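2 protein chains.
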Amino acid sequence: MAGFEKYRIPPEGGFKIAKLDADDRSCFKDGKEKAQERILKLRAELAGLQEMLYAEGKQRLLVVFQAIDTGGKDGTIRAVFEGVNPQGVKVASFKAPTPLELAHDYLWRVHACVPARGEIVVFNRSHYEDVLIVRVKGWIDADETKRRYRQIRDFERMLAEEGTTILKFYLHISKDEQKERLLERIDIPEKQWKFNPADLEERKLWDDYQRAFEDALNETSAHTAPWYAIPANRNWYRNLAVLSILVDTLKGLKMSYPKQTEDLAPYRQRLLAE
Amino acid sequence: MAGFEKYRIPPEGGFKIAKLDADDRSCFKDGKEKAQERILKLRAELAGLQEMLYAEGKQRLLVVFQAIDTGGKDGTIRAVFEGVNPQGVKVASFKAPTPLELAHDYLWRVHACVPARGEIVVFNRSHYEDVLIVRVKGWIDADETKRRYRQIRDFERMLAEEGTTILKFYLHISKDEQKERLLERIDIPEKQWKFNPADLEERKLWDDYQRAFEDALNETSAHTAPWYAIPANRNWYRNLAVLSILVDTLKGLKMSYPKQTEDLAPYRQRLLAE
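Sequences listed follow chains L and H, in order.
1 is the number of the first residue of the first sequence in this note's numbering; add one for each residue after it.
275 is the number of the first residue of the second sequence in this note's numbering; add one for each residue after it.
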């Protein structure tokens with residue numbers, strides 16, 4: 001499934017959001033049903049790899065999800081991580097900051113949630129909100145945005161140097177797809193609670209958000225903390241892409257179950273002699 | 275599945291651990307295969323109920339697991355909660371306390387982890403370690419143990435009064451079953467990393483642990499924070515029992531999806547008119 005690597009944004013940037021087709025499915029042409037089979041297999045692989053990560057207790061994995069409203073962050077997290085032992089995976093959701101959080105620098109609340117050894121932590125939104133919505137709304141100017149890109153690069157480099165593997169996914173949907181999804185939230189009774197009128201105001205800022213995403217992704221994709229821009233109009237393609245990249249990354253960590261250094265034979269005898 | 279309610283320890287106590295058969299399967303006599311089918315159904319139900327809990331965002335659920343070493347806490351958590359949206363379920367594992375934790379009262383670290391509205395939090399071990407291992411090892415005396423029972427009752431009553439539903443599961447295995455499980459950890463290569471020689475020392479204190487469990491369960495089972503003592507020699511029976519009680523409890527919360535109070539028709543028109 002190495003094909004999905006093409007969605008990786010190189011450290012030197014050059015990503016053009018307008019050129020990424022949200023309907024693209026060029027890395028898997030066998031259709032939705034075959035994709036679901038593949039997803040089930042990848043999920044089982046992920047569960048096994050996560051168990052080894054946990055058992056080994058050496059490495060840490062941080063997975064960041066960002067997207068525009070209705071972009072599918074919740075759905076992806078669910079589809080990718082259900083089936084994994086909930087003991088080894090933590091999801092941290094970053095909403096509008098609380099007064100206590102606002103009383104600190106913007107990296108404070110995310111730093112508190114990064115993974116410990118053996119853990120996978122999933123960020124549903126993240127410190128990137130502080131160069132996205134904050135910038136689009138004009139709460140910080142161009143200079144501060146640039147400074148924050150540098151701070152974020154420095155922060156993530158430190159995490160990586162200290163042993164955290166980082167994957168960042170931007171889920172890309174089209175403006176038409178967002179309209180469909182907002183209409184669904186209006187029309188399907190069980191989804192209505194998710195509808196927030198403010199989403200329509202945000203939608204007016206579509207172009208600004210696209211620019212902010214493009215800029216942030218180009219400025220902060222690093223070898224050790226890459227961004228992947230995933231075509232996400234089709235849920236199954238999006239899930240397959242994220243799962244594939246995740247599984248490949250975990251395989252690349254070359255983990256192993258910890259070895260017992262002690263000779264266990266005497267313990268067996270003690271038990272059998274009881 | 276109301277039968278499993280019989281494992282609930284009444285607030286007035288009277289639970290005799292020696293009388294609980296760890297091999298009991300009197301609440302489900304159709305055997306393992308039928309049980310697995312039932313477990314799949316209950317898991318799907320649990321996933322739906324958890325989603326509603328999260329959507330409603332009003333209630334909180336705390337689920338505590340305690341057991342002797344090899345009792346099956348990890349396996350139960352995995353079997354019961356895999357398949358549930360990881361975003362709404364957090365597992366807190368309490369190991370030997372850190373210096374920072376020891377510098378506080380014993381409830382400090384657990385209080386920090388109790389569920390927020392809409393959340394399920396699972397405790398893998400808990401503040402009960404502080405009346406179990408701590409007592410068995412003689413680190414606190416009978417008076418202090420009694421004082422802690424009261425403190426724990428008060429703490430959990432406060433949580434319940436403030437809106438947290440609490441379920442506590444003691445997973446009961448027999449001494450022979452523990453021997454089998456320890457031998458497995460010695461004999462199966464992929465399980466060897468789990469083997470800890472100290473477990474054999476703990477095993478010598480089996481009777482003391484049984485007494486400590488019996489006492490703690492009788493002293494701290496309350497209407498609003500009941501203990502269930504689950505026969506756990508058979509994994510499938512244990513998983514079925516925990517899932518059944520959990521699902522019944524969530525159903526009893528009478529949750530509903532939040533209603534939209536606003537008329538959404540104008541928003542639909544705005545979107546369609548774009």
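Just so you know, even glycine gets a beta-carbon here, dropped at the ideal spot from N, CA and C.
Quantities reported herein were computed from a predicted structural model and do not represent experimental measurements.
Annotation for L/Lys168: the continuous beta strand (DSSP E) segment containing it runs Thr164 to His172.
L/Ile17 is outside the set of residues whose beta carbon lies under 8 angstroms from a beta carbon in chain H. Around the Cβ of H/His401, a 10 Å sphere holds 16 or more other Cβ atoms; the residue is buried. If you look at H/Trp501, you'll find it in the beta strand (DSSP E) that goes Trp501 to Pro505. Contact between L/Leu246 and L/Leu167 holds: their C-beta atoms lie close to 7 angstroms from each other, under 8 angstroms.
H/Trp501 has a beta carbon lying at 8 angstroms or more from every beta carbon in chain L. Taking the C-beta atoms as reference points, L/Tyr170 is found nearer than 8 angstroms to L/Trp227. Among the CB atoms of chain H, none fall inside 8 angstroms of the CB of L/Glu45. For H/Arg544, a Cβ of chain L is located within less than 8 angstroms of the residue's own Cβ. If you draw a straight line from the Cα of L/Trp139 to the Cα of H/Arg544, it is about 27 angstroms long.
By the C-beta criterion, the stretch 356 to 375 of chain H is judged not to be in contact with the stretch 427 to 439 of chain H, since fewer than 3 inter-stretch pairs fall below 8 angstroms.
The beta-carbon of L/Asp248 is placed no less than 8 angstroms from the nearest beta-carbon of chain H.
Annotation for L/Val89: the continuous beta strand (DSSP E) segment containing it runs Val89 to Ser93. The C-alpha of H/Lys308 lies about 14 angstroms from the C-alpha of H/Ser300. Of all residues in the stretch 358 to 379 of chain H, those with a C-beta nearer than 8 angstroms to a C-beta of chain L are Val358, Asn359, Pro360, Gln361, Val363, Lys364, Val365 and Ser367, reading in chain order.
Put simply, the stretch 171 to 189 of chain L touches the stretch 66 to 80 of chain L. At least three CB pairs are less than 8 angstroms apart. Take the alpha-carbon of L/Ala265 and the one of H/Leu456: they are about 12 angstroms apart. In summary, the residues of the stretch 173 to 193 of chain L whose CB is separated from some CB of chain H by less than 7 angstroms are Lys179, Leu182, Leu183, Ile186, Glu190, Gln192 and Trp193, in the order they occur in the chain.
Think of a sphere of 9 angstroms around the beta carbon of L/Ile77: the chain H residues whose beta carbon falls inside it are Asn359, Pro360 and Gln361, in chain order. Closest in alpha carbon position to L/Gly57, among H/Asn492, H/Glu475, H/Gln534 and H/Trp467, is H/Trp467. One thing to note: L/Glu82 has its Cβ within 8 angstroms of the Cβ of H/Val358. For H/Arg421, the closest alpha carbon among the candidates H/Ala434, H/Met432, H/Val405 and H/Asp461 is that of H/Val405. For H/Arg424, the uninterrupted alpha helix (DSSP H) segment begins and ends at Ala416 to Glu435.
When rounded, the separation of the alpha-carbon atoms in H/Leu336 and L/Ala116 is 23 angstroms. Distance between L/Asp215 and L/Leu159, taken at the CA atoms: about 22 angstroms. Look at L/Val84 here: in three-state DSSP terms it is coil, with no helix or strand label. The residues Tyr7, Ile9, Phe15, Leu20, Tyr170, His172 and Leu217, in chain order, have a CB closer than 7 angstroms to that of L/Ala229 in the same chain once the five nearest residues on each side in sequence are set aside.
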